[in-house]
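Numbering (this note's numbering), first residue to last: 1331 to 1599.
Ideal placement from N, C-alpha and C gives every residue a C-beta, glycine not left out.
As the structure is a computational prediction, the values presented were derived from the model and not from experiment.
Below is one structure, written out as structure tokens; the observations come after it.
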Amino acid sequence: MYQVVGVRFKKAGKIYYFDPSDLPVEDHSAVIVETARGVEYGKVVIGRKTVKETDVVLPLKRVIRLADSNDAKVVDDNNAAAEHAFQVCMDKIKEHSLRMKLVDVEYTFDRNKIIFYFTAEGRVDFRELVKDLAGVFRTRIELRQIGVRDEAKLLGGIGPCGRVLCCSSWLGDFEPVSIKMAKDQNLSLNPTKISGLCGRLMCCLKYEHDNYESVRLELPSIGARVVTSMGPGFVVSINPGVRTVNVKLLEQGGKSLEFPLDDVAEQEL
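The structure is reproduced here in structure tokens:
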């Protein structure tokens, strides 16, 4: 068992576990931690707790110290410098006529590295761009190609629902989303209606999928013969969201009516 705290480095970013040692680290504390890419500034979003060895990546990195106002100023200065670096990189991309879209720029806390995030349709030969950027900033340069979902997460926006994008406001990790999830929820398969700003299937299709899957095990299949309070019939459609079944009644002139699940029993042929 390990004592850990959960730390985020970006809003809606992935949560990483760190060893708080004997430091008075609490939820919402700002901390300086040791990471694989160097010393970083982060915010505690999960207070001290005990987890199993299988829940952490060993060796467990530690919290170096609590952050102070000087550290916060360093972060603000880094963000301001990143805005300047963004414009410089944009100019260099145009100069080299590279088919890539710059999305974001990030300085590491200790300014040991600048990371440039970009999207592109294919592979991009940016070796000369890296040389130019290294000559301007005199530090390590990393160009990281990201996908369209990551781009939406970094840039943010308003989704079709009218709310701020889940990925940019609270969703830490992307989960696989399939067209089957839309089918199971009886949603329109029109790509424009089930796709997010990134052009991929909306992440929210995943949220209720498990519930739909469990309810479907209780609902009769389409075409099944059933008995209802108004007589026997055949299932023509189901609505897992509200647990109802649409039945074509045999004794009511073929009329179709919607019944709650507890008013429908499958009939063995």
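Residue i, buried or exposed, once every other Cβ within 10 Å from all chains shown has been counted against 16
{"i": "Pro1550", "result": "buried"}
{"i": "Ser1359", "result": "buried"}
{"i": "Val1566", "result": "exposed"}
{"i": "Val1374", "result": "buried"}
{"i": "Cys1533", "result": "buried"}
{"i": "Gly1487", "result": "exposed"}
{"i": "Pro1590", "result": "exposed"}
{"i": "Ala1410", "result": "exposed"}
{"i": "Met1331", "result": "exposed"}
{"i": "Pro1350", "result": "buried"}
{"i": "Val1393", "result": "buried"}
{"i": "Ala1482", "result": "buried"}
{"i": "Asp1583", "result": "Per the sequence shown, the amino acid found at residue 1583 is Gly instead of Asp. Burial call: exposed."}
{"i": "Gly1563", "result": "buried"}
Residues near residue i in its chain [Cβ-Cβ closer than 8 Å; skip 5 each side]
{"i": "Gly1529", "result": "Val1478"}
{"i": "Lys1513", "result": "Leu1519"}
{"i": "Ile1476", "result": "Val1433, Tyr1447, Phe1448, Thr1449, Leu1484"}
{"i": "Leu1517", "result": "Lys1523, Ile1524, Leu1535"}
{"i": "Ile1552", "result": "Val1565, Val1566, Ser1567, Ile1568"}
Coil, strand or helix - residue i by DSSP
{"i": "Ala1410", "result": "helix"}
{"i": "Ser1399", "result": "helix"}
{"i": "Gln1597", "result": "coil"}
{"i": "Ser1525", "result": "strand"}
{"i": "Val1404", "result": "helix"}
{"i": "Tyr1537", "result": "coil"}
{"i": "Lys1585", "result": "coil"}
{"i": "Ser1551", "result": "coil"}
{"i": "Lys1391", "result": "coil"}
{"i": "Gly1486", "result": "coil"}
{"i": "Ala1360", "result": "strand"}
{"i": "Phe1456", "result": "coil"}
{"i": "Lys1379", "result": "strand"}
{"i": "Thr1558", "result": "strand"}
{"i": "Arg1479", "result": "helix"}
{"i": "Gln1417", "result": "helix"}
{"i": "Asp1434", "result": "strand"}
{"i": "Glu1370", "result": "strand"}
{"i": "Thr1449", "result": "strand"}
{"i": "Arg1530", "result": "coil"}
Whole-number beta carbon distance between residue j and residue i, since they are thought to touch under 8 Å
{"i": "Leu1579", "j": "Gly1561", "result": "6 Å"}
{"i": "Val1507", "j": "Lys1461", "result": "About 39 Å separates the two Cβ atoms, so there is no contact after all."}
{"i": "Val1361", "j": "Val1355", "result": "6 Å"}
{"i": "Val1454", "j": "Leu1428", "result": "6 Å"}
{"i": "Ile1509", "j": "Leu1459", "result": "Incorrect: roughly 37 Å between the Cβ atoms, too far for contact."}
{"i": "Val1381", "j": "Val1335", "result": "Not quite, the Cβ-Cβ distance comes to about 10 Å (not below 8 Å), so this is no contact."}
{"i": "Arg1470", "j": "Lys1443", "result": "4 Å"}
{"i": "Glu1538", "j": "Gln1515", "result": "7 Å"}
{"i": "Gly1377", "j": "Asp1357", "result": "4 Å"}
Residues of its chain near residue i, where Cβ-Cβ distance is below 7 Å and the 5 sequence neighbours each way are ignored
{"i": "Phe1339", "result": "Glu1370, Gly1372"}
{"i": "Val1466", "result": "Val1418"}
{"i": "Ala1412", "result": "Val1435, Glu1436, Tyr1437"}
{"i": "Gly1489", "result": "Leu1495, Gly1526, Leu1527"}
{"i": "Leu1501", "result": "Ala1342, Cys1533"}
{"i": "Leu1463", "result": "Cys1419, Lys1422, Ile1471"}
{"i": "Ala1603", "result": "Missing from the structure shown is residue 1603; the chain here goes from 1331 to 1599 and no further."}
Own chain residues within Cβ distance below 6 Å of residue i, not counting five before or after
{"i": "Glu1596", "result": "Pro1550, Ala1554, Val1556"}
{"i": "Pro1570", "result": "Tyr1542, Val1545, Arg1546"}
{"i": "Leu1594", "result": "As written in the sequence, residue 1594 is Val, which differs from the Leu given in the question. Same-chain partners within the cutoff: Val1556, Thr1558, Val1575."}
{"i": "Asp1440", "result": "Gly1368, Val1369"}
{"i": "Phe1504", "result": "Arg1479"}
{"i": "Glu1581", "result": "Gly1561"}
{"i": "Tyr1346", "result": "Val1337"}
{"i": "Pro1456", "result": "The question names Pro, but residue 1456 is Phe in the sequence shown. The residues are Leu1473."}
Any C-beta of chain B under 8 Å from that of residue i
{"i": "Tyr1437", "result": "Of the chains in the structure shown, none is chain B; there is only one protein chain."}
**Message:** If contact is defined by three or more beta carbon pairs under 8 Å, each pair taking one atom from either stretch, is the stretch 1514–1533 in contact with the stretch 1494–1502?
**Reply:** Yes, they touch.
**Prompt:** Counting pairs of beta carbons, one from the stretch 1384–1401 and one from the stretch 1415–1429, are three or more of them closer than 8 Å?
**Reply:** no
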